[in-house]
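Notes follow once the structure below has been shown.
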Amino acid sequence: MPSGASPHDTPSHAHPGAATPAAGPPWPYPESNQRVLHDPNGQLLGTILLFTGAVFALMAIGFVLFVGGGKDDRALFMVLPLVVAPALLCLGGGALMMRAAARHKRIAEEVAASGIRCWGRILQATPIQSDRRTRMRVQLQLEAFAAHDPRGMQDTSRYAPGARVALPVSIEQSVSLVQMGMLQPGYFCALLLHPTDPGKYLIDGFANPQGAFAWLA
Numbered sequence: 013m014p015s016g017a018s019p020h021d022t023p024s025h026a027h028p029g030a031a032t033p034a035a036g037p038p039w040p041y042p043e044s045n046q047r048v049l050h051d052p053n054g055q056l057l058g059t060i061l062l063f064t065g066a067v068f069a070l071m072a073i074g075f076v077l078f079v080g081g082g083k084d085d086r087a088l089f090m091v092l093p094l095v096v097a098p099a100l101l102c103l104g105g106g107a108l109m110m111r112a113a114a115r116h117k118r119i120a121e122e123v124a125a126s127g128i129r130c131w132g133r134i135l136q137a138t139p140i141q142s143d144r145r146t147r148m149r150v151q152l153q154l155e156a157f158a159a160h161d162p163r164g165m166q167d168t169s170r171y172a173p174g175a176r177v178a179l180p181v182s183i184e185q186s187v188s189l190v191q192m193g194m195l196q197p198g199y200f201c202a203l204l205l206h207p208t209d210p211g212k213y214l215i216d217g218f219a220n221p222q223g224a225f226a227w228l229a
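So in the numbering used here, spot 217 of the sequence shown is number 229, and the numbers just go up one at a time.
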């Protein structure tokens, strides 16, 4: 993607020319305000579980109020656990999922702010499982190279543009089936690597060896 170009969802050319095997490509890192920093699935599922737990809790309260006043409490002791248990499970599970989603977002914000802009050359792509009908979770083996940072904020004294940032790293990413064709050895992905923990990262998109770039779908 050329320096100064605006982000698009459709493929665009980063820079003519292909990368050499010894160093990273000369393309500037594509910057976008479309970067997703949260986990929508985790937040959605957590919200659903919390709502479901609240419904069960209200059912339990109503059952105690309207049935517990009777002479025969056997029905109360028999049925109440069947309502309270799902309520506790849903509320606890929802709280844990919301906490995990918040942690995921916090890490993503940290990587977006201080991560090293890199071009990762794909060495191997292995499908793991299908997320949905239109997406696939893939394990990628990459070698990462520092990118030219159009923001001018990258620490070039530590990593000069094109220099190797990390030995081959293994990461997992959910990708659209449409973009599976770009997950080939020799292709690249634009990613931000945490300065000290390569296990924390963000992928922004993929590029072919000639520099045609597409944002992560």
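Even for Gly, the Cβ is constructed at its ideal location relative to N, Cα and C.
Identify which residue in the options has its Cα closest to the Cα of residue i.
i      : options                           : result
HIS206 : ILE73, ILE215 and ILE140          : ILE215
ALA72  : LEU57, THR59 and PHE89            : PHE89
LEU203 : THR59, SER142, GLN153 and MET109  : GLN153
ALA137 : PHE78, ALA114 and VAL181          : VAL181
GLY127 : ARG145, VAL177, LEU195 and ALA114 : VAL177
ILE183 : LYS212, ARG170, GLN196 and PRO221 : LYS212
LEU135 : LEU228, ALA229 and PRO221         : PRO221
PRO197 : TYR171, GLN151 and ALA172         : GLN151
LEU195 : TYR171, ILE60, PRO173 and PRO139  : PRO139
MET110 : ASP209, TYR171 and ILE60          : ILE60
THR208 : ALA97, LEU108 and VAL123          : VAL123
VAL56  : ARG86, LEU108 and ALA97           : Looking at the sequence itself, residue 56 is Leu, so the reference to Val does not match. For the residues ARG86, LEU108 and ALA97, the minimum Cα distance to LEU56 belongs to LEU108.
Let's see if you can read the secondary structure: which residues bound the beta strand (DSSP E) around residue i?
i      : result
ARG149 : 147-158
GLN6   : A query on residue 6 cannot be resolved here, the shown segment of the chain reaching from 13 to 229 and no further.
ALA226 : 224-227
GLY193 : That residue, GLY193, is in no beta strand (DSSP E); it is neither H nor E in DSSP.
Ignore the nearest five residues each way along the sequence and tell me which others in residue i's own chain have a CB closer than 6 angstroms to its CB.
i      : result
TRP131 : GLY36, PRO37, PHE157, ALA159 and PHE200
ILE119 : LYS212
ALA175 : ALA158
GLU125 : Contrary to the premise, residue 125 reads as Ala rather than Glu in this sequence. Same-chain partners within the cutoff: there are none.
GLY105 : LEU61
TYR171 : ALA158 and VAL177
Output needed for residue i: all residues of its chain with C-beta closer than 7 angstroms, excluding positions within five of it in sequence on either side, in chain order.
i      : result
PRO23  : Its pLDDT being 39, under 50, PRO23 is placed unreliably in this model, and the value from its coordinates should be taken loosely. Excluding sequence neighbours, PRO23 sits near ALA224, PHE225 and ALA226.
HIS27  : In this prediction, HIS27 scores a pLDDT of 39, lower than 50, which makes its location untrustworthy; no coordinate-derived value is stated.
ARG147 : SER186, VAL187, SER188 and LEU189
ALA99  : GLY65, PHE68, ALA69 and ALA72
SER142 : MET148
PRO173 : ALA158, ALA159 and HIS160
Cutting at 8 angstroms between CB atoms, please list the residues of its own chain near residue i, excluding the five before and the five after it.
i      : result
VAL95  : PHE68, MET71, ALA72 and PHE75
LEU92  : ALA72, PHE75 and VAL76
LEU179 : GLU155
If you measure from the CB of residue i, is any heavy atom of the ligand PLP nearer than 7 angstroms?
i     : result
PRO37 : Ligands displayed in this structure: none; no statement on the ligand PLP is therefore possible.
Report the partner residues of residue i according to the DSSP bridge assignment.
i      : result
TYR199 : BP columns for TYR199 are empty, so no partner.
PHE218 : CYS201 and ALA226
THR138 : GLN151
TYR213 : LEU205
ARG86  : ARG86 is not bridged to any residue.
PRO40  : HIS160
CYS133 : Correcting the residue identity first, residue 133 is Arg in this sequence and not Cys. Answer is GLU155 and PHE200, bridged to ARG133.
ILE128 : LEU205
Using 8 angstroms for Cβ pairs, my map puts residue i next to residue j. What's the rounded Cβ distance?
i      : j      : result
GLY217 : PRO42  : 7 angstroms
GLY58  : ALA113 : 6 angstroms
LEU62  : LEU101 : Wrong, their Cβ atoms sit about 12 angstroms apart, outside the cutoff.
GLN191 : ALA219 : That pair is no contact at about 11 angstroms.
PRO161 : ARG133 : The amino acid at residue 161 is misidentified as Pro; the sequence shows Asp. Not really, about 18 angstroms apart at Cβ, beyond 8 angstroms.
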